[in-house]
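Okay, so here's the structure we're looking at.
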Amino acid sequence: MSNELLDIDPIDLQFPFELKKQISSSLYLANKTDDYVAFKVKTTNPKKYCVRPNTGVVLPRSSSEVLVTMQAQKEAPADMQCKDKFLLQCVVASPGATAKEVTPEMFSKEAGHRVEETKLRVVYVDPPQPPSPVREGSEEGSSPRASVSDSANVSDFTTAPRFRVDRLEPQENSSEARALITRLTEEKNSALQLNKKLQEELEQLKRESKRSQSGGGIPFMYVLLLRCGLAVHALNTCKFSPRNVAVRKKWCGVQCCQFERCRKLSLGHYLTKTGTLLLGSM
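Everything in the sequence shown is counted per full-length UniProt numbering, starting at 1 for the first residue and increasing by one.
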């Protein structure tokens, strides 16, 4: 289809319809004049389609491509017919005009501008099928399922959105995905903090081990056995009188009430408990 300013190809926007899948169709605009031509694309169903670019300028004797994308549909229309339409408006722009300079006022007929308008239908066609080994009959005589007649008024059209893209997945899945990402991020941060803490404790143990090895030259186990032996000697010689409280605290590091329990324990069991206390104090 053509007018005095632009040649428009194709005359219908054909979409190979498939459920839950975005489908695109290209529209080619050829400027057959020596003027800069501004264009604007409108549609009767702006929530269903996005157009890139929806406004622009075609340079003299050049062409531009407009990509129309239909959002993923959850249900197929009855009889595979579509009532949606597009309206392409074009007007002569000032020399050197750019797409950023295109304004809605340029397409206002009330302002005295000469605006050319072309209505485009939306046609659903069958999606391409994989090649079959069996030769099928030709379907060249069949025509695509077209929409209803071009009876829509200009006021029914709305400027097509430019960058709107719907998600193909349900909203619930998107929420679950965001929650999973958040939980995994928290677990990762917790693991990093735990790893850092363990590294610090390991470094501290290494430093303490080096200090103990370079301190006196006496092996650690000998010191431990010596302190355990002194503790056992204190247990056998101490009479648990009030005047020996200071001595008991010095050797064993426990309160007086704990000595009463220690006296009832066997020597081996007390040696184990004393060794544990000494290890904790070192």
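Built from N, CA and C at the ideal position, the CB exists for glycine as well.
Have a look at residue i and residue j and give me their C-alpha separation to the nearest angstrom.
i    : j    : result
C50  : P128 : 23 angstroms
R145 : K48  : With a pLDDT of only 44 at R145, under 50, the local geometry of the prediction cannot be trusted, and no value is derived from it.
R211 : K197 : 21 angstroms
V115 : S26  : 23 angstroms
Q14  : N45  : 16 angstroms
T69  : T182 : 32 angstroms
E201 : A177 : 36 angstroms
T43  : F17  : 18 angstroms
R207 : Q199 : 12 angstroms
E4   : D35  : 11 angstroms
Q71  : A191 : 41 angstroms
Is it buried or exposed, residue i, if we count other Cβ atoms within 10 angstroms and call 16 or more buried?
i           : result
L29         : buried
A78         : exposed
D84         : buried
M80         : exposed
P61         : According to the sequence displayed, residue 61 carries Arg and not Pro. R61 is exposed by the Cβ-count criterion.
L87         : buried
residue 293 : Residue 293 lies beyond the range of the chain shown here (1 to 282); nothing can be said about it.
What would DSSP say about residue i, mapped onto helix, strand or coil?
i    : result
R52  : strand
I11  : coil
L120 : strand
T182 : helix
A177 : helix
P104 : helix
E65  : strand
N45  : coil
Q129 : coil
Less than 9 angstroms separating the beta-carbons of residue i and residue j?
i    : j   : result
A111 : A38 : no
V102 : G56 : yes
K9   : K32 : Here residue 9 turns out to be Asp, not Lys, going by the sequence shown. Their beta carbons are not under 9 angstroms apart, which means D9 does not touch K32 by this criterion.
Q89  : V58 : no
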